[in-house]
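Notes to accompany the following structure.
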Amino acid sequence: FSNTACLIFLSFSQFLADMENNALFRDDIECQKLIMEAMKYHLLPERRPMLQSPRTKPRKSTVGVLFAVGGMDATKGATSIEKYELRTNMWTPVANMNGRRLQFGVAVLDDKLYVVGGRDGLKTLNTVEC
């Protein structure tokens, strides 16, 4: 059993159900230590700051980027496309769309980002940008 298990992030009821019915949890000392750590984390929320470890830190995905495309700013539709890189924790401007769009579709195909249809605020669009 790996000590990188994320037991603390299971719901407590699911955790107990799994623990009670699994021989690995009952018979393995290392598993019992992880179970005790998870139980303390769930049952003693006031101690969570003292219980921090690599297992209590939220994980980041190791793949790809997240794109933020258009949408609405305070007063009108936005034209910007930005990407968030998980590995560097940074947002980077990528491009601007040809015009303002909202309520549109987005897809990635062959490493290209496509923005499809939507509205410009007044009329429905039947265009695609790549």
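Sequence positions in the sequence shown follow mature numbering (1 follows the signal peptide of the UniProt record, and there is no 0) and run -17 to -1, 1 to 113.
We put the CB at the ideal spot given by N, CA and C, even for glycine.
Predicted, not measured: the structure shown is a model, and the values here were computed from it.
> Distance, Cα to Cα, residue 47 vs residue 98?
Replying inline: Cα to Cα, residue 47 sits roughly 18 Å from residue 98.
> For residue 38, which three-state DSSP category applies?
Replying inline: helix
> Roughly how many whole angstroms lie between the Cα atoms of residue 79 and residue 113?
Replying inline: About 11 Å.
>> Is it the case that the region 81 to 96 contacts the region 57 to 69, given that we only count it when at least three CB pairs across the two stretches are under 8 Å?
In response: Contact between the region 57 to 69 and the region 81 to 96 is established, with three or more Cβ pairs separated by less than 8 Å.
> Just the Cα atoms here: how many angstroms apart are residue -4 and residue 40?
Replying inline: 20 Å
> Do the CB positions of residue 24 and residue 49 come within less than 8 Å of each other?
Replying inline: no
> Nearest to residue 91 by alpha carbon, out of 52, 4, 72?
Replying inline: 52
> For the region 6 to 70, which segments carrying the beta strand (DSSP E) assignment without a break, of at least 3 residues, lie completely within its bounds, in sequence order?
Replying inline: 48 to 52, 63 to 68
> Can you name the start and end residues of the beta strand (DSSP E) that residue 95 belongs to?
Replying inline: 95 to 99
> Grouping DSSP H, G and I as helix and E and B as strand, with all else coil, what is residue 2?
Replying inline: DSSP places residue 2 in helix when its eight states are reduced to three.
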